[in-house]
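Taken in order, the sequence shown gives residues 1274 to 1535; the numbers are from the working numbering. All C-beta atoms in this analysis are idealised placements derived from N, C-alpha and C, irrespective of residue type, glycine included.
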Amino acid sequence: MMTPGLREKMGKAAVDIALQTGYVGAGTVEFMVDDTDNSYYFLEVNTRLQVEHPVTELVTGVDLVKQQIAIAEGRKLQLKQSDIELNGHAIECRICAEDPQQNFMPSTGVLKNYRIPAGPGVRVDSGVVIFSDVPIYYDPLIAKLIVWGKDRDEAINRTKRALEEYRVSGLKTTIGFCRAVMDNKNFVAGKLSTRFLTEEYPDNQYTPLSDAFVRQAALAVALDKFIRERKIALGRTSQTSAGSGWVNYYRRGGLRRFGGSR
């Protein structure tokens, strides 16, 4: 896990790069970190807002898009580095029209159902609505789910709940993949690398099969079987039988009101 001291060193390095190059505007400096000795290596500068910029916004409370527009209009940045404080932990899941089981091949079609999650700490940046057409011509990203928590554990648990609240049909998405990753013990522990997927999921199977999930599935099957059998049994009741308990109850009530016997 990256230490606060390492974050400060990389932050200073990022500022030095911007100053030395005369860079102005929003941008992201990326590094690779070796967790064996906390050494880090410069990777690249993205001269734009990152797809993951909502993570920064949730943990700092700073609207980066607003700041970017203000700078583009010629106004000075109103914030100092000392004004920025980190609060809590945030996770972003890219909800893409892709099939994880087929090596994340693009999935096209019409969103027949599309309901996004909500709740404490949950933010969804979405570019589609129900019945939107997802073609082959553009990036498969259909939404970003960003979740905040007071610490990593709370952020992960809230992300699990939010992913389970999604209702999407009509095409394949990465929702199930993201849900499986949230249960991965190495992800939870923050033990990540560029080889994470190939090492943790060599067979491209990302279906979360926790004990609770299996129990819920078994209960659902048993309940469905009971309802079907009950409907069949009721359907075979003859017209001359005594009928249901509700019918008999109200018949007796009617007799009592008219002075009949019990």
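Complete runs of the beta strand (DSSP E) confined to the region 1373-1401 [at least 3 residues]:
The region 1373-1401 contains these whole beta strand (DSSP E) runs: 1386-1388 and 1395-1399.
Since I1429 is in the alpha helix (DSSP H), which residue starts that stretch and which ends it?
Position 156 of the sequence shown, counting from 1, holds the residue named residue 1429. That run of the alpha helix (DSSP H) goes R1425 to E1438.
Which one of S1380, G1300, Y1313 and L1414 has the shortest CA to CA distance from G1278?
Walking along the sequence shown from the start, residue 1278 turns up at place 5. For G1278, the nearest C-alpha among the options comes from Y1313.
Rounded C-alpha distance that separates A1491 from I1368
Within the sequence shown, numbered from 1, the residue matching residue 1491 stands at position 218. Within the sequence shown, numbered from 1, the residue matching residue 1368 stands at position 95. Going from the Cα of A1491 to the Cα of I1368 covers about 28 angstroms.
Have a look at S1514 and F1499 and give me their C-alpha separation to the nearest angstrom.
Here residue 1514 refers to the residue found at position 241 when the sequence shown is read from its first residue. Here residue 1499 refers to the residue found at position 226 when the sequence shown is read from its first residue. Here S1514 scores only 48 on pLDDT, less than 50, and its place in the model is too uncertain to base an answer on.
Give a yes or no on whether the C-beta atoms belonging to V1407 and I1419 are separated by under 8 angstroms.
Locating residue 1407 in the sequence shown gives position 134, counting from the first residue. Locating residue 1419 in the sequence shown gives position 146, counting from the first residue. In this structure, I1419 does not lie closer than 8 angstroms to V1407 by Cβ.
With hydrogens ignored, establish whether the beta-carbon of T1309 is closer than 7 angstroms to any heavy atom of the ligand NAD.
Annotation note on the ligand NAD: not contained in the displayed structure, which lists no ligands.
Would you mind working out which of E1346, T1432 and A1286 sits nearest G1392, comparing C-alpha positions?
In the sequence shown, residue 1392 corresponds to position 119, counting from 1. Of the candidates E1346, T1432 and A1286, the one whose C-alpha sits nearest the C-alpha of G1392 is T1432.
Return the chain-ordered list of same chain residues with a C-beta closer than 8 angstroms to the C-beta of V1383, the five sequence neighbours on each side being excluded.
Translated into the one-based positions of the sequence shown, residue 1383 becomes position 110. Taking V1383 as the centre and dropping the five residues before and after it, the same chain places the C-beta of F1404, S1405, D1406, V1407, G1443 and L1444 closer than 8 angstroms to its C-beta, in chain order.
Per-residue DSSP class, three states only, for A1462:
As a first step, residue 1462 is located in the sequence shown; it is residue number 189 there, counting from the start. In this structure, DSSP gives A1462 a state outside helix and strand, which the three-state scheme calls coil.
Comparing C-alpha positions only, which one of S1380, M1378 and V1401 sits nearest to I1389?
The residue you call residue 1389 lines up with position 116 of the sequence shown. It is V1401 whose Cα lies nearest to the Cα of I1389.
Test item: CB-CB of L1322 and A1299 under 8 angstroms
Along the sequence shown, read from residue 1 onward, the residue named residue 1322 stands at position 49. Along the sequence shown, read from residue 1 onward, the residue named residue 1299 stands at position 26. Their beta carbons are under 8 angstroms apart, which means L1322 touches A1299 by this criterion.
Beta-carbon separation of V1332 and N1376 under 8 angstroms?
The sequence position of residue 1332 within the sequence shown is 59, counting from 1. The sequence position of residue 1376 within the sequence shown is 103, counting from 1. Not closer than 8 angstroms, so no.
Applying the criterion that 16 or more other CB atoms from any shown protein chain within 10 Å of the CB defines a buried residue, is A1363 buried or exposed?
Your numbering for residue 1363 matches position 90 in the sequence shown. With 16 or more Cβ atoms within 10 Å of its Cβ, A1363 is classed as buried.
How big is the Cα-Cα spacing for T1276 and K1285?
What you label residue 1276 is simply residue 3 of the sequence shown in a count that begins at 1. What you label residue 1285 is simply residue 12 of the sequence shown in a count that begins at 1. About 15 angstroms.
Based on the DSSP output, what are the partners of K1417 in its beta bridges?
Here residue 1417 corresponds to residue number 144 of the sequence shown, with the count starting at 1. Bridge partners of K1417: R1367 and D1398.
Spatial neighbours of G1334 in its chain, beta-carbon cut-off 6 angstroms, leaving aside the 5 residues before and after
Indexing the sequence shown from 1 puts residue 1334 at position 61. Spatial neighbours of G1334 in its own chain (CB-CB distance under 6 angstroms, excluding positions within 5 residues in sequence) are not present.
With a CB to CB cut of under 7 angstroms and the five nearest residues on each side skipped, what residues in its chain are close to L1470?
Against the sequence shown, residue 1470 aligns to sequence position 197. Excluding positions up to five away in sequence, the list is empty.
Going residue by residue through the region 1306-1351, where are the continuous beta strand (DSSP E) segments of at least 3 residues, counting only ones entirely within it?
Listed in chain order, the complete beta strand (DSSP E) runs (minimum 3 residues) inside the region 1306-1351 are 1312-1319.
Which residues in the same chain have their Cβ closer than 7 angstroms to the Cβ of V1461, if we skip the five residues on either side of it in sequence?
Your numbering for residue 1461 matches position 188 in the sequence shown. If you ignore the 5 residues before and after V1461, its C-beta comes within less than 7 angstroms of the C-beta of I1429, all in its own chain and listed in chain order.
Go to V1454, then tell me how far its alpha helix (DSSP H) extends in each direction, as first and last residue.
Within the sequence shown, numbered from 1, the residue matching residue 1454 stands at position 181. Residues I1448 to M1455.
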